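Numbering (full-length UniProt numbering), first residue to last: 1 to 221.
Below, the structure written as structure tokens:
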């Protein structure tokens with residue numbers, strides 16, 4: 001179970017003052033000094049597992065160099081390959097070549113992804129959550145993963161409360177395709193029935209003639 005970090009920090013400050021009194025001015029402090037990166041406390045074991053997975057080509061220094069270039073956004077814009085190679089410990093004429101090879105291995109192991117840009121094939125890098133990636137290799141039973149190191153990572157994560165090593169990974173489902181709209185053809189209108197036009201109005205002359213004819217027929221009868 002994770003412990004209260006604030007309580008531990010206060011106890012350690014008291015202990016530090018007893019062991020190294022007056023050491024405060026000589027210590028690096030995150031809140032006072034610029035130029036820092038946030039890292040998980042499991043990083044030492046993460047780096048060891050990376051080297052286990054890389055088949056004799058250590059990745060830890062390359063990965064740590066990438067992480068130290070982030071701004072808490074898990075992304076790096078790589079503009080100076082020579083400097084990145086040197087920070088990873090590679091020197092000489094083949095430094096950039098060796099560093100590029102390590103970057104490709106990190107990508108193949110799914111720890112990072114790389115996009116091209118104006119700095120060449122390696123211009124933009126995103127760092128995936130290493131806990132998730134290592135869990136992926138464990139689930140796939142990658143033969144390079146040392147079980148003892150994975151268990152050590154799991155124990156350390158539980159101890160510090162790193163729940164991303166134990167919680168369920170929820171993958172968002174693929175959105176279903178929109179339903180197809182059925183076009184309903186309306187029935188044809190009923191056939192129209194021709195309506196005879198009304199007879200023309202009877203004039204007074206016709207009406208008078210009709211009455212005369214009627215009277216004549218009556219007299220004859």
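By construction, the Cβ of each residue, glycine as well, lies at the ideal position given by its N, Cα and C atoms. Nothing here was measured: the structure is a model prediction, and the numbers come from that model.
Using the DSSP secondary-structure output, state which residues sit across from residue i in a beta bridge.
i: residue 125; result: 76, 114
i: residue 120; result: 117
Confirm, please, whether the CB-CB distance from residue j to residue i is below 9 Å.
i: residue 53; j: residue 64; result: no
i: residue 79; j: residue 126; result: no
i: residue 102; j: residue 88; result: yes
i: residue 123; j: residue 112; result: no
i: residue 49; j: residue 146; result: yes
i: residue 162; j: residue 57; result: no
i: residue 23; j: residue 30; result: no
i: residue 66; j: residue 106; result: yes
Count the other C-beta atoms from every protein chain shown that fall within 10 angstroms of the C-beta of residue i, then say buried if there are 16 or more, exposed otherwise.
i: residue 39; result: exposed
i: residue 90; result: buried
i: residue 130; result: buried
i: residue 119; result: exposed
i: residue 85; result: buried
i: residue 13; result: exposed
i: residue 19; result: exposed
i: residue 97; result: exposed
i: residue 99; result: buried
i: residue 157; result: buried
Starting from the Cα of residue i, find the closest Cα among the options and give me that residue.
i: residue 166; options: 133, 143, 142, 145; result: 133
i: residue 62; options: 42, 83, 29, 71; result: 83
i: residue 95; options: 104, 105, 81; result: 81
i: residue 154; options: 57, 45, 16; result: 45
i: residue 149; options: 161, 135, 162; result: 135
i: residue 59; options: 27, 70, 77, 43; result: 43
i: residue 55; options: 142, 70, 30; result: 142
i: residue 168; options: 139, 160, 188, 117; result: 139
i: residue 35; options: 71, 6, 116, 10; result: 71
i: residue 144; options: 21, 128, 77, 51; result: 51
i: residue 116; options: 159, 76, 33, 151; result: 76
With H, G and I counted as helix, E and B as strand and the rest as coil, what does DSSP make of residue i?
i: residue 51; result: helix
i: residue 167; result: coil
i: residue 155; result: helix
i: residue 13; result: helix
i: residue 147; result: helix
i: residue 35; result: coil
i: residue 88; result: coil
i: residue 162; result: coil
i: residue 69; result: coil
i: residue 18; result: helix
i: residue 58; result: coil
i: residue 109; result: coil
i: residue 98; result: helix
i: residue 64; result: helix
i: residue 132; result: helix
i: residue 26; result: helix
i: residue 44; result: helix
i: residue 93; result: coil
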